[in-house]
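Residue numbers (the UniProt record's numbering), protein chains in the order written: chain A, 1 to 251; chain B, 1 to 251. Working notes, beginning with the structure itself.
Now the structure itself:
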């Protein structure tokens with residue numbers, strides 16, 4: 001966990017509100033799910049001085065594609081990069097930013113901003129999700145603005161805006177598309193056992209499967225190639241190794 | 001096919017550019033696929049005086065939710081309503097509106113608009129898709145602005161902006177989600193035969209299936225309830241009727 005000091009936080013808020021080349025009314029948010037063994041978590045930022053959390057998000061520069069903005073925003077706030085970001089929904093309810101957190105943050109730091117400043121406008125937010133092994137990136141050394149931490153998906157703290165809804169929708173999307181997008185997330189070693197695959201599925205989907213049923217379902221997808229057996233020297237029956245067949249991912 | 005006269009078209013363009021309560025930089029587009037027997041089509045509008053087509057789209061008022069805007073825009077331009085609109089992707093490449101069609105249309109009508117008018121700005125567009133039986137709504141009596149027609153999905157005319165890409169992405173989304181969203185599209189009678197279901201699948205997916213394989217796959221989804229046999233008096237073997245089981249649709 002990284003927490004920046006107060007003056008740095010004030011400065012980054014000032015930098016943000018003085019930026020004039022964002023596309024108005026549009027934001028991007030990144031729902032980064034973290035998986036390891038039997039835990040499923042989500043990456044949250046905590047606001048300074050408030051018991052309030054958000055997913056990593058930000059604004060779109062005039063000179064960049066929407067997708068580039070999502071990747072940049074995620075990098076700036078977490079130093080995660082090269083993730084497969086899957087755009088899953090755009091959130092545009094009229095009341096989604098009514099409880100304007102930015103106003104409270106600016107007031108707390110004694111920063112005066114005119115009421116018609118772009119940051120207080122209505123924002124429609126394009127949400128992306130990803131899935132990583134959270135032990136690969138447990139710390140975020142230079143993350144800006146807030147503390148950055150993994151939270152259990154089933155024990156979310158107090159979330160800003162409609163971010164709790166975003167996380168729930170993101171999780172539905174992730175689960176629904178796991179069969180076709182797992183390869184893109186690059187979570188398993190090149191060769192893996194059926195048990196490793198099953199553990200990943202059970203953790204992400206939040207349910208247990210019978211070993212035979214799971215194996216049958218996976219093989220019926222036609223996405224796996226069976227390789228040699230994996231001998232680890234134990235007296236147990238050696239399991240087969242598998243790898244993913246090359247496939248086209250529609251993004 | 002409906003085509004409005006020139007002065008009405010000019011007036012609707014003037015009304016559009018004089019509107020001041022749209023959320024800037026955001027548009028919505030509706031990819032409406034039409035199915036009947038073995039044909040799959042998509043609903044396109046033709047621009048006045050140009051050999052150029054678009055999907056039905058428009059802007060978002062400050063006072064409405066994104067989803068409401070999509071439904072309203074579709075209704076205004078086609079008089080289609082109460083469709084299940086499924087948001088599938090937001091298109092945000094920086095160059096997507098570079099070839100600004102509105103500029104050409106306005107020039108053609110001799111309407112002068114300052115270069116910094118909101119209509120010439122960068123727009124990020126949220127796209128929705130739907131699937132209907134196009135014989136249920138073949139005519140669009142009061143549709144505004146352009147002619148409205150069904151076009152074969154595999155013979156698209158010259159499309160404006162990135163609308164060809166939108167249609168292609170929409171079709172990928174539709175095909176990928178047909179199993180789970182077919183009920184919502186309400187395309188079949190309450191009771192239907194396996195052959196009716198198969199024809200719909202083959203038309204939308206653009207491929208043929210063997211009868212036994214198709215039936216096995218459909219029954220394995222767990223979404224169908226088998227009912228009584230359907231006797232139509234013909235000497236053929238009477239087929240079973242099916243209906244969809246009640247289910248939750250995630251939107």
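From the three backbone atoms N, C-alpha and C, an ideal C-beta is built for every residue, glycine too. Since we're looking at a predicted model, the values are computed, not measured.
Element boundaries [alpha helix (DSSP H), containing residue i]
i, result
"residue 121/B", "Premise fails: residue 121/B is in no alpha helix (DSSP H) and is neither H nor E."
"residue 182/A", "178 to 185"
"residue 214/A", "211 to 220"
"residue 7/B", "6 to 17"
"residue 202/A", "194 to 205"
"residue 153/A", "No alpha helix (DSSP H) contains residue 153/A, which DSSP labels as neither H nor E."
Contact with chain B by residue i, beta-carbon distance below 8 angstroms
i, result
"residue 167/A", "no"
"residue 90/A", "yes"
"residue 25/A", "yes"
"residue 100/A", "no"
"residue 94/A", "yes"
"residue 108/A", "no"
"residue 62/A", "yes"
Within-8 angstroms CB hit, residue i to chain A
i, result
"residue 149/B", "no"
"residue 65/B", "yes"
"residue 112/B", "no"
"residue 87/B", "yes"
"residue 250/B", "Legend: pLDDT at residue 250/B = 40, less than 50; position of this residue unreliable, value from coordinates given subsequently. With 8 angstroms as the cut-off, residue 250/B counts as an interface residue toward chain A."
"residue 31/B", "no"
"residue 124/B", "yes"
"residue 1/B", "Residue confidence for residue 1/B is low, a pLDDT of 42 falling below 50, so the modelled location carries little weight; the figure read from the coordinates is stated next. False, the Cβ-Cβ gap to chain A never drops below 8 angstroms."
Coarse secondary structure for residue i, derived from DSSP in three states
i, result
"residue 169/B", "helix"
"residue 49/A", "coil"
"residue 127/A", "strand"
"residue 230/B", "coil"
"residue 224/A", "strand"
"residue 36/A", "strand"
"residue 163/B", "helix"
"residue 76/B", "helix"
"residue 249/B", "Its pLDDT being 47, under 50, residue 249/B is placed unreliably in this model, and the coordinates cannot settle the point."
"residue 188/B", "coil"
"residue 174/B", "helix"
"residue 44/A", "strand"
Beta-carbon gap between residue i and residue j smaller than 8 angstroms
i, j, result
"residue 27/A", "residue 58/A", "yes"
"residue 55/A", "residue 173/A", "no"
"residue 90/A", "residue 66/B", "yes"
"residue 126/B", "residue 92/A", "yes"
"residue 63/B", "residue 94/A", "yes"
"residue 45/A", "residue 137/A", "no"
"residue 161/A", "residue 128/A", "no"
"residue 225/B", "residue 242/B", "yes"
"residue 131/A", "residue 185/A", "yes"
"residue 167/A", "residue 42/A", "yes"
"residue 187/B", "residue 35/B", "yes"
"residue 152/A", "residue 221/A", "no"
Residue i - containing beta strand (DSSP E), residue span
i, result
"residue 241/A", "240 to 244"
"residue 101/B", "No beta strand (DSSP E) holds residue 101/B; the alpha helix (DSSP H) holding it covers 101 to 108."
"residue 90/A", "86 to 91"
"residue 60/A", "57 to 61"
Between the region 200 to 223 of chain A and chain B, which residues of the former have a C-beta closer than 8 angstroms to a C-beta of the latter? none
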